[in-house]
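In terms of the working numbering, the sequence shown opens at residue 39 and continues consecutively.
Notes to accompany the following structure.
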Amino acid sequence: MMCLDLFLASQSEEDYKAIEPHITPSESIKFPLKSFGLYADYFSAEMNNLDRENDINAVKEFASKYNWNDNLDTIFKNEDFEAIVLTNKKQEIIWVNDGFKEMTGFNKSFALKKKPSFLQGDNTCAKTRDRIREKIQLNKPFIGTVINYKKNNTPYKCEIKIFPLFSEHTTHYIALEKAV
Numbered sequence: 039m040m041c042l043d044l045f046l047a048s049q050s051e052e053d054y055k056a057i058e059p060h061i062t063p064s065e066s067i068k069f070p071l072k073s074f075g076l077y078a079d080y081f082s083a084e085m086n087n088l089d090r091e092n093d094i095n096a097v098k099e100f101a102s103k104y105n106w107n108d109n110l111d112t113i114f115k116n117e118d119f120e121a122i123v124l125t126n127k128k129q130e131i132i133w134v135n136d137g138f139k140e141m142t143g144f145n146k147s148f149a150l151k152k153k154p155s156f157l158q159g160d161n162t163c164a165k166t167r168d169r170i171r172e173k174i175q176l177n178k179p180f181i182g183t184v185i186n187y188k189k190n191n192t193p194y195k196c197e198i199k200i201f202p203l204f205s206e207h208t209t210h211y212i213a214l215e216k217a218v
């Protein structure tokens, strides 16, 4: 079936009209192109995997630069994320991935040197903010959901996983985020 779909899709309109009377579709064939959806799904998944791999490699470059002792493969293993936010010890953003812009609407360059709290607003739970602050002060991971705000002020629920990154002492934090 897929080969026929691909063959028919490659024909000019004139050639297709010439062979169309000889095509007998069955009930199970949804015409005109059944296999393109399969290819599009495959291609999309491959692009997502490539983006993920590129994001992880970018973070590993920072790990090399700052001599982090953390095993980033363990941090990223089985984690589903859209955005990555990397901050220094003062919690100033030093890098975000492309997914950050897609999720928040803010350009990467706008986010640099700001604290991630710029995404918070009126409906962001004060208790959650306090728990994040407490975990960061204790150099402990934080996992939770927070209401953040996009550039256009639309609120969204965001699952955040924050991990301290160490050399001899904590030097940076990484947050893996996804809208829920």
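We treat Cβ as the ideally placed atom computed from N, Cα and C, and that holds for glycine.
With distances taken from CA atoms, which of the options is nearest residue i?
{"i": "L176", "options": "D160, E84, K152 and P202", "result": "P202"}
{"i": "K241", "options": "P154, Y187 and N161", "result": "Here the chain covers residues 39 to 218 and nothing more, so residue 241 does not appear."}
{"i": "A96", "options": "S82, Y80, A83 and F114", "result": "F114"}
{"i": "K152", "options": "I131, N161 and K146", "result": "I131"}
{"i": "L219", "options": "R169, E172 and M141", "result": "Residue 219 lies beyond the range of the chain shown here (39 to 218); nothing can be said about it."}
{"i": "N105", "options": "F204, C196 and Y54", "result": "F204"}
{"i": "V218", "options": "I94, A78 and D118", "result": "D118"}
{"i": "S102", "options": "T209, E215, A213 and R171", "result": "T209"}
{"i": "L214", "options": "T112, G159 and A164", "result": "T112"}
Would you kindly work out how many angstroms separate the C-alpha atoms of residue i and residue j, rounded to a whole number?
{"i": "T125", "j": "Y211", "result": "5 Å"}
{"i": "K139", "j": "A149", "result": "9 Å"}
{"i": "T166", "j": "N190", "result": "23 Å"}
{"i": "Y187", "j": "E120", "result": "15 Å"}
{"i": "M197", "j": "N161", "result": "The question names Met, but residue 197 is Glu in the sequence shown. If you take the alpha carbons of E197 and N161, they lie about 15 Å apart."}
{"i": "E58", "j": "L46", "result": "9 Å"}
{"i": "Y80", "j": "H207", "result": "42 Å"}
{"i": "S82", "j": "H60", "result": "34 Å"}
{"i": "F69", "j": "A164", "result": "Because F69 sits at a pLDDT of 49, beneath the cut-off of 50, its placement in the model cannot be relied upon, and the following sentence gives the value as read from the coordinates. Going from the Cα of F69 to the Cα of A164 covers about 54 Å."}
Any idea what DSSP makes of residue i, helix, strand or coil?
{"i": "E58", "result": "helix"}
{"i": "N186", "result": "strand"}
{"i": "E197", "result": "strand"}
{"i": "F180", "result": "strand"}
{"i": "L110", "result": "helix"}
{"i": "T192", "result": "coil"}
{"i": "N92", "result": "helix"}
{"i": "F69", "result": "Per-residue confidence for F69 stands at a pLDDT of 49, beneath the threshold of 50, marking its modelled position as unreliable; the derived number appears in the next sentence. F69: coil per DSSP, three-state reduction."}
{"i": "F148", "result": "helix"}
{"i": "T230", "result": "Since the first and last residues shown for the chain are 39 and 218, residue 230 lies out of range."}
{"i": "E206", "result": "coil"}
{"i": "N126", "result": "strand"}
Rounded to the nearest angstrom, how far is the Cβ of residue i from that of residue j, given a contact under 8 Å?
{"i": "I185", "j": "P193", "result": "5 Å"}
{"i": "G137", "j": "I122", "result": "7 Å"}
{"i": "Q129", "j": "I181", "result": "Incorrect: roughly 17 Å between the Cβ atoms, too far for contact."}
{"i": "L88", "j": "K98", "result": "15 Å between Cβ atoms; not a contact."}
{"i": "D93", "j": "N135", "result": "5 Å"}
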